[in-house]
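First to last, the sequence lines map onto chains S and V. Residues in the first sequence are numbered consecutively from 367, following my numbering. Residues in the second sequence are numbered consecutively from 367, following my numbering. Ideal placement from N, C-alpha and C gives every residue a C-beta, glycine not left out. Only one structure is covered here, and it is reproduced in the block below.
There are 2 protein chains.
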Amino acid sequence: MTPAATPAYRRLSVEERRSQLLGAALSLFAHRAPEDVSLDDVAEAAGVSRPLVYRYFPGGKQQLYEAALRSAAEELRLCFDEAREGPLLPRLARALDRYLSFVDEHDTGFSALLQGGSVVETSRTTAIVDGVRRAAAEHIYSHLGVPDPGPRLRMTVRTWITAVEAASLIWLDEDKQPPVEELRDWLVEQFVAVLTVTAARDPQTAAVVGGLGEDDRD
Amino acid sequence: MTPAATPAYRRLSVEERRSQLLGAALSLFAHRAPEDVSLDDVAEAAGVSRPLVYRYFPGGKQQLYEAALRSAAEELRLCFDEAREGPLLPRLARALDRYLSFVDEHDTGFSALLQGGSVVETSRTTAIVDGVRRAAAEHIYSHLGVPDPGPRLRMTVRTWITAVEAASLIWLDEDKQPPVEELRDWLVEQFVAVLTVTAARDPQTAAVVGGLGEDDRD
Chain S
367 MTPAATPAYR
377 RLSVEERRSQ
387 LLGAALSLFA
397 HRAPEDVSLD
407 DVAEAAGVSR
417 PLVYRYFPGG
427 KQQLYEAALR
437 SAAEELRLCF
447 DEAREGPLLP
457 RLARALDRYL
467 SFVDEHDTGF
477 SALLQGGSVV
487 ETSRTTAIVD
497 GVRRAAAEHI
507 YSHLGVPDPG
517 PRLRMTVRTW
527 ITAVEAASLI
537 WLDEDKQPPV
547 EELRDWLVEQ
557 FVAVLTVTAA
567 RDPQTAAVVG
577 GLGEDDRD
Chain V
367 MTPAATPAYR
377 RLSVEERRSQ
387 LLGAALSLFA
397 HRAPEDVSLD
407 DVAEAAGVSR
417 PLVYRYFPGG
427 KQQLYEAALR
437 SAAEELRLCF
447 DEAREGPLLP
457 RLARALDRYL
467 SFVDEHDTGF
477 SALLQGGSVV
487 ETSRTTAIVD
497 GVRRAAAEHI
507 YSHLGVPDPG
517 PRLRMTVRTW
527 ITAVEAASLI
537 WLDEDKQPPV
547 EELRDWLVEQ
557 FVAVLTVTAA
567 RDPQTAAVVG
577 GLGEDDRD
């Protein structure tokens, strides 16, 4: 109970203040549809005045939403970071665990963002989401050891990524059932199954499927 | 070359005129992003005056777009109509053939609609698209002979429908490669593969997978 423990008296740097406002915004956007979050709510959650929020985000809610989305996209990209060590499927399972924790924590915001038709959705927000999808695909190609994936492998991986998103939305919609571990295992098994289907037509994918069980260190 | 062959002199009924304008709008929206289609373009394509277009669609482009989308959604639902006769997988293949023809014919509009971030996208347009997805899922449950699908079967079917959409978008993006017949077969094989994955955890899905090869007449 020393005075130093009272954060209200500490002056934040511009960067710290921006982070604080973004953090407050992200938690609000995580659990409410964007149309139900006002700048007043963000100011209140951060314990600052509304003009201060406007000073940092003069473009208003749209700018704040896009900044929060960029910050969430950055967090999602970190979910995909996985050491290139050990068998491939447990790596995928660990990345999915992190991704599904993110989905669990940002449930309402995640649904609102991906279900479309939101008032704050623009070609810029769509581009941010597409950037995350592309990053996920690049991580997968890299872990599979395929620097130059052909069209059939790319279609398989990108389609599976969309299936993961769809399954996450349905999972949220079904009150987070089945249990997250079952969902994660099912998604990994789906990954193997769809690659195996493609492998019958595509030698590059066949080679990838052949290597899935290997303990690949590079 | 009789005067009766000159359609310009025939007076269209309200319903005929509406269909004509919607038809002109649909062909424009099929091949251009909605932001690149003006009411002037629609009037020109239909050979009528701009005020006439406004008389039928007083809400302007947004109303016209939504009406065109509803008409496209109706067309898509017809793609799913398939007699409940013969083995299940060829039925699915025929429905996919019709669906992929639709995608092929409406390429730009289909991409613009599903890729999001369009200026004409609203919660209403999203609801129309979701209605088509739900109709597709209901058709599948009905063909599978499952009036009351459990959560695991539902998640599998709904996830596969999203995968079909994603694959269609990627196919358009890749200049319609691979050939449409290969894409269709690959989607059918994926359907079997993802159901088989779910069957290992879910008795209802296991029963469905067991019946896939049967020649079911009802």
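Three-state secondary structure (DSSP) at residue i?
i: S:Ala-370; result: Reliability fails at S:Ala-370, whose pLDDT of 47 lies under 50, so the model's placement of it is uncertain and the value that follows must be treated cautiously. If DSSP states are grouped into helix, strand and coil, S:Ala-370 belongs with the helices.
i: S:Pro-569; result: helix
i: S:Pro-453; result: strand
i: S:Gly-516; result: coil
i: S:Gly-511; result: coil
i: S:Val-560; result: helix
i: S:Gln-543; result: coil
i: V:Asp-551; result: helix
i: S:His-472; result: coil
i: V:Gly-579; result: coil
i: V:Asp-496; result: helix
i: S:Thr-491; result: helix
i: V:Val-486; result: coil
i: V:Leu-535; result: helix
i: S:Leu-435; result: helix
i: V:Ser-467; result: helix
i: V:Glu-440; result: helix
i: S:Leu-378; result: coil
Which value, in whole angstroms, describes the spacing of the CA atoms of residue i and residue j?
i: V:Asp-584; j: V:Ala-449; result: Residue placement at V:Asp-584 is flagged as unreliable, the pLDDT there being 47, under the threshold of 50; a coordinate-derived value is accordingly withheld.
i: S:Glu-440; j: S:Ser-404; result: 23 Å
i: V:Leu-394; j: S:Gln-428; result: 31 Å
i: S:Val-563; j: V:Ala-411; result: 44 Å
i: S:Asp-541; j: S:Leu-479; result: 18 Å
i: S:Glu-580; j: S:Gly-452; result: 8 Å
i: S:Ala-566; j: S:Leu-538; result: 34 Å
i: V:Met-521; j: S:Ala-409; result: 39 Å
i: V:Glu-381; j: V:Glu-401; result: 26 Å
i: V:Leu-454; j: V:Arg-436; result: 29 Å
i: S:Ala-370; j: S:Ala-391; result: With a pLDDT of only 47 at S:Ala-370, under 50, the local geometry of the prediction cannot be trusted, and the value read off the model is given with reservation. For S:Ala-370 and S:Ala-391, the distance between alpha carbons rounds to 26 Å.
i: S:Thr-491; j: S:Tyr-431; result: 9 Å
i: S:Leu-462; j: S:Glu-531; result: 11 Å
For residue i, count neighbouring Cβ atoms within 10 angstroms of its own Cβ and tell me buried if that reaches 16, exposed if not.
i: V:Asp-447; result: exposed
i: S:Pro-417; result: exposed
i: V:Arg-524; result: buried
i: S:Ala-493; result: exposed
i: S:Asp-568; result: buried
i: V:Pro-545; result: exposed
i: V:Leu-458; result: buried
i: V:His-397; result: exposed
i: S:Ser-534; result: buried
i: V:Glu-548; result: exposed
i: V:Gly-475; result: buried
Original post:
For the segment 511 to 533 of chain S, which residues have a beta carbon sitting closer than 9 Å to at least one beta carbon of chain V?
Top reply: Residues Pro-517, Arg-518, Arg-520, Met-521, Thr-522, Arg-524, Thr-525, Trp-526, Ile-527, Thr-528, Ala-529, Val-530, Glu-531, Ala-532 and Ala-533.
Subject >> Secondary structure, alpha helix (DSSP H): runs of 4+ residues fully inside the segment 384 to 428 of chain V >> reply: Counting whole runs of 4 or more residues, the segment 384 to 428 of chain V contains the alpha helix (DSSP H) stretches 405 to 412 and 416 to 422.
Original post:
Between the segment 544 to 557 of chain V and chain S, which residues of the former have a C-beta closer than 8 Å to a C-beta of the latter?
Top reply: Flagged, chain order: Pro-544, Glu-548, Trp-552, Glu-555 and Gln-556.
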